[in-house]
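Remarks on the structure that follows.
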Amino acid sequence: MRTALLEARDISKSFGAVKAVDGVSLSLAVGEIGSVIGPNGAGKTTLFNALSGFSPVDRGTVTLDGRDITRKPPHRIARLGLVRTFQTARPLGNATVLENVLAGSYLHAKGGVWSSLFPLGAVRRAERELVLRCHATLATVGLADESERYPGELTAGQLRLLEIARGLAAKPRVLLLDEPAAGLNQVETARLERTLRDIRDQGTTLLLVEHDVDLVLRVSDRVTVLDFGRLLCHGAPAEIRRDPAVAAAYFGTRDAGVTARNEGAIS
Ligand SMILES: Nc1ncnc2c1ncn2[C@@H]1O[C@H](COP(=O)(O)OP(=O)(O)O)[C@@H](O)[C@H]1O
Ligand SMILES: [Mg+2]
Numbered sequence: 004m005r006t007a008l009l010e011a012r013d014i015s016k017s018f019g020a021v022k023a024v025d026g027v028s029l030s031l032a033v034g035e036i037g038s039v040i041g042p043n044g045a046g047k048t049t050l051f052n053a054l055s056g057f058s059p060v061d062r063g064t065v066t067l068d069g070r071d072i073t074r075k076p077p078h079r080i081a082r083l084g085l086v087r088t089f090q091t092a093r094p095l096g097n098a099t100v101l102e103n104v105l106a107g108s109y110l111h112a113k114g115g116v117w118s119s120l121f122p123l124g125a126v127r128r129a130e131r132e133l134v135l136r137c138h139a140t141l142a143t144v145g146l147a148d149e150s151e152r153y154p155g156e157l158t159a160g161q162l163r164l165l166e167i168a169r170g171l172a173a174k175p176r177v178l179l180l181d182e183p184a185a186g187l188n189q190v191e192t193a194r195l196e197r198t199l200r201d202i203r204d205q206g207t208t209l210l211l212v213e214h215d216v217d218l219v220l221r222v223s224d225r226v227t228v229l230d231f232g233r234l235l236c237h238g239a240p241a242e243i244r245r246d247p248a249v250a251a252a253y254f255g256t257r258d259a260g261v262t263a264r265n266e267g268a269i270s
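Here it is in structure tokens:
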């Protein structure tokens, strides 16, 4: 049976008169790649903020492995296993790539205030393990050779991969990625696609918000389509392609419309 790891029921969030998300439900099973698509302004980021605790919902519930996380703050939700990245990468500029990933792993570090309570040897061992794990995370996203570089020296594609590695370093059960392919060229997108599959195969459940519909339909197990804050359709990629409402909103004017609409979207 398909059991939901992440389940959102009837989520609504308004900003003044704008119903940014209006009664949206979705569910994601362990080991799946799920995606949320929809035109610019459809409510994708608002839904992500609701799931990850960055913006409290007006209505609805979010559960992670059966546990209600609806009104918990982001750091509590992260500790429970749901971590998100941001649409604009926010690396620490004066720290190396490896140090950035180490910073992302702080949730599980035994350093800081605890180090005074543990024998030094144990802390050193824990730190060494943490560094090894962060190197492994960098290898997963294809940045093994860049660990001593600084974010300013990376390409747009590598910065996206670093942002993903930072999220992964927190050992999430579910990782939410907000537009991981934004600004990437074809080669970088292909690299990202491989990385997403590798992450899923290594046991992390993924939920993406993404404008690149082709990438989404190739890589996702389930897709949620939003339009003007409402759920248009929810299903496997093949069902999404067949759905007449999606076709009208998205694929109807495929050559001129969808691509232009997507490429024009920056939010
Ligand atoms: N903080 C905010 N204040 C006011 N309106 C907002 C805010 N965030 C989003 N909105 C509005 O909510 C709608 C959905 O936005 P958003 O979730 O960013 O869409 P998407 O990520 O799909 O492009 C848009 O009409 C947007 O203008
Ligand atoms: Mg957005």
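Those letters in the sequence shown? Residues 4 to 270, by this note's numbering. Every residue, glycine too, gets a C-beta built ideally from N, C-alpha and C. All figures in this text were calculated on a predicted structure; none of them were measured in a lab.
Helix, strand or coil: which one does DSSP assign to residue i?
| i | result |
| --- | --- |
| D13 | strand |
| G37 | strand |
| D71 | strand |
| F231 | coil |
| K113 | Residue confidence for K113 is low, a pLDDT of 48 falling below 50, so the modelled location carries little weight; the figure read from the coordinates is stated next. Coil. |
| T140 | helix |
| L135 | helix |
| L95 | coil |
| T49 | helix |
| V60 | coil |
| D217 | helix |
| G84 | coil |
| T192 | helix |
| G44 | coil |
| G107 | helix |
| A20 | coil |
| T198 | helix |
| G124 | helix |
| A224 | Here residue 224 is Asp; the residue named in the question, Ala, does not match the sequence. Coil at D224, not helix or strand. |
Taking all protein chains shown into account, do 16 or more other C-beta atoms lie within 10 angstroms of the C-beta of residue i, making it buried, or fewer, making it exposed?
| i | result |
| --- | --- |
| V190 | exposed |
| T158 | exposed |
| G56 | buried |
| G46 | buried |
| L135 | exposed |
| P59 | exposed |
| P76 | exposed |
| R70 | exposed |
| T91 | exposed |
| T227 | buried |
| H78 | exposed |
| P42 | buried |
| D181 | buried |
| T198 | buried |
Find the nearest neighbour of residue i within the set the options, judged by alpha-carbon distance.
| i | options | result |
| --- | --- | --- |
| Q205 | R176, P183, V104 | R176 |
| V27 | E35, F18, V39 | V39 |
| N52 | I72, E35, Q161 | I72 |
| R221 | T207, P240, R128 | P240 |
| E10 | T66, N43, L101, T192 | T66 |
| G96 | E151, I243, I202 | E151 |
| V100 | G84, E166, T88 | E166 |
| A185 | A168, L162, G238, A172 | L162 |
| E298 | E132, A168, R131, L133 | Because the chain spans 4 through 270 in this model, residue 298 falls outside it and cannot be assessed. |
| I36 | S223, I243, A81 | S223 |
| G160 | C137, H237, L218, A193 | A193 |
| R62 | R82, G84, D25 | D25 |
| T143 | T207, S30, G84 | T207 |
Runs of alpha helix (DSSP H) lying entirely within the region 145–186, each at least 4 residues, in chain order
Runs found: 159–172.
Using the beta carbon as the reference atom, which residues fall closer than 6 Å to any heavy atom of ligand 1, ordered along the chain?
My final list is F18, V21, A23, G41, N43, G44, A45, G46, K47, T48, T49, S270.
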